[in-house]
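Comments concern the structure below.
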DNA sequence: GCTTGTCAATACGGCGGCGTATGGTGTTAC
DNA sequence: GTAACACCATACGCCGCCGTATTGACAAGC
């Protein structure tokens with residue numbers, strides 16, 4: 026075809042790499058959940074057929090695994106490493122609670138993964154990520170002179186509250202809160218779960 | 026009954042009713058999630074074929090709907106109505122938090138449903154149930170002289186903590202807690218989220 | 001310019017679930 | 001004892017997904 030371009034999906038004429046498939050998988054995952062990350066739908070979405078897919082990956086499972094490991098690494102770098110620099114533990118906690126208001130994409134992904142914890146590929150990734158996050162919380166509470174047990178319990182409580190809120194907001198969509206309401210809620214959580222300076 | 030019996034599934038030779046299918050659906054749901062509630066597997070489990078199923082229900086969706094409505098009614102009767110009788114609001118809250126330690130089956134079911142909130146049949150049921158529960162919490166906090174906004178936020182926080190803990194415990198199985206640890210955690214939550222008398 | 005390597009299309013077989021059609025069996029009613 | 005009803009089996013067609021096999025297109029290297 027001498028024609029320069031058609032207007033369909035796949036506007037750029039470049040071929041696809043493994044990374045493209047992984048990125049597309051994460052997009053689909055965020056939008057419609059783990060089960061929606063299927064080879065043929067994803068191929069359609071990318072404007073090719075699955076003949077291409079199986080050149081890059083041996084199976085659907087392999088794609089999921091690669092995509093989740095990519096997400097895991099990226100998540101760690103963008104949300105937790107920046108917080109390590111905040112010296113004051115109470116302030117660090119407060120920042121953690123507040124910063125997570127933005128970056129919706131990360132929450133949406135995490136929320137979808139929460140719904141697929143029975144999946145053998147998803148489970149270990151989520152176990153690692155959640156473990157790290159809870160541990161981060163616990164360390165912070167330890168710095169605030171919580172006993173070992175209290176720090177553990179408060180960390181569990183705080184993280185449970187985060188996880189539950191995600192499900193209620195993003196999945197159940199029970200309470201469509203305004204920005205002010207949301208900020209007020211976060212304020213309430215901070216007051217309740219972080220001891221006053 | 027003339028025949029004593031055979032030892033295979035379906036030990037009793039009685040035929041099945043709609044209620045049997047609904048009960049079986051809830052069993053499967055608790056064990057393997059919403060997607061596992063499929064006609065043919067369920068029929069196999071009950072020792073019949075789907076020829077039977079489609080006499081009782083027009084579709085899989087209809088079964089799911091009926092089963093969930095049965096669960097909703099039963100849930101309301103067994104967990105919330107008994108609590109209405111406790112006059113003191115703080116005590117009522119404490120009892121709610123503690124009693125839910127037992128009755129694992131109810132939690133397991135709720136937890137599986139949380140993973141299927143995108144399903145059109147599941148969503149409205151969960152919206153009603155969760156709404157009622159949060160409202161119950163809010164009323165209790167109002168009785169404890171919380172402002173309207175504070176009561177709402179604290180109720181959201183408490184329920185989020187419940188929901189999140191469910192996912193972390195039952196689905197992620199991150200922390201295999203002993204009975205004492207669990208009780209200690211519940212104690213911590215009560216102290217943190219319910220004002221002292 | 002011809003080969004090699006990379007990405008992609010097509011076509012195929014298989015599996016598991018949904019829903020339909022039709023016929024069969026036991027129980028109950030009279 | 002026969003007719004009506006309630007429940008169940010069998011067999012079928014459909015769809016969506018997985019994974020394989022084969023061939024094709026296009027670029028780079030030499």
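Residue numbers (our numbering), protein chains in the order written: chain F, 26 to 222; chain G, 26 to 222.
Ideal Cβ placement from N, Cα and C applies to all residues, glycine included.
- Listed along chain G are 209, 210, 213, 214, each with a C-beta nearer than 8 Å to that of residue 178 of chain F.
- Under the Cβ distance rule, residue 188 of chain G counts among the residues neighbouring chain F, one pair being separated by less than 7 Å.
- At least one C-beta of chain F is nearer than 7 Å to the C-beta of residue 140 of chain G.
- The beta carbons of residue 218 of chain G and residue 165 of chain G sit no closer together than 7 Å.
- None of the residues of the region 115-130 of chain F has a beta carbon lying less than 7 Å from any beta carbon of chain G.
- Around residue 174 of chain F, the beta-carbon contacts reaching into chain G at under 7 Å are 209.
- A check of alpha carbon separations from residue 197 of chain F across G/142, G/161, G/212, G/150 identifies G/142 as the nearest.
- Just so you know, the alpha carbons of residue 189 of chain G and residue 84 of chain G end up roughly 33 Å apart.
- With a cutoff of 7 Å on beta-carbon distance, residue 178 of chain G and residue 213 of chain F are scored as near each other.
- For the set F/53, F/43, F/59, the Cα lying nearest the Cα of residue 139 of chain F is the one of F/59.
- At the C-beta level, residue 195 of chain G and residue 136 of chain G come within 7 Å of one another.
- By the criterion of a C-beta distance shorter than 7 Å, residue 86 of chain F is surrounded in its chain by 146, once the five residues flanking it on both sides are discounted.
- For residue 117 of chain G, same chain residues with a beta-carbon under 7 Å away, outside a window of 5 residues either side, are 108, 111, 165 in chain order.
- Per DSSP, residue 189 of chain F is one residue of the alpha helix (DSSP H) stretching across 173-191.
- Rounded to the nearest whole angstrom, the C-alpha separation of residue 57 of chain F and residue 71 of chain F is 16 Å.
- At a C-beta separation below 8 Å, residue 199 of chain G has these neighbours in chain F: 152, 155, 156, 159.
- Of the candidates F/64, F/40, F/89, the residue whose Cα lies closest to the Cα of residue 51 of chain F is F/89.
- Exposed is the label assigned to residue 207 of chain G, since fewer than 16 other Cβ atoms lie within 10 Å of its Cβ.
- In this structure, the straight-line span from the alpha carbon of residue 175 of chain G to that of residue 205 of chain F is close to 14 Å.
- About 5 Å separates the beta carbons of residue 134 of chain G and residue 55 of chain G, which is inside the 8 Å limit, making them a contact pair.
- At a cut-off of 7 Å between C-beta atoms, residue 185 of chain F counts as an interface residue with respect to chain G.
- Interface flag for residue 53 of chain G against chain F is unset, since no Cβ pair is found closer than 7 Å.
- Taking all protein chains shown into account, residue 153 of chain F has fewer than 16 neighbouring C-beta atoms within 10 Å of its C-beta and is therefore exposed.
- When the beta-carbon positions are compared, residue 124 of chain F and residue 47 of chain F stay at least 7 Å from each other.
- The beta carbon of residue 66 of chain F sits closer than 6 Å to no other beta carbon from its chain once the five residues preceding and following it are set aside.
- The DSSP-derived three-state label of residue 53 of chain F is helix.
- Contacts between residue 58 of chain F and chain G, judged by CB atoms closer than 7 Å, involve 143 in chain order.
- Burial is judged here by how many other beta carbons sit within 10 angstroms of a residue's own beta carbon; residue 68 of chain G has at least 16 and is buried.
- Judged by beta-carbon spacing, residue 186 of chain F lies within the 7 Å limit of residue 186 of chain G, meaning their Cβ atoms are closer than that value.
- Secondary structure at residue 107 of chain G: helix, using DSSP grouped into helix, strand and coil.
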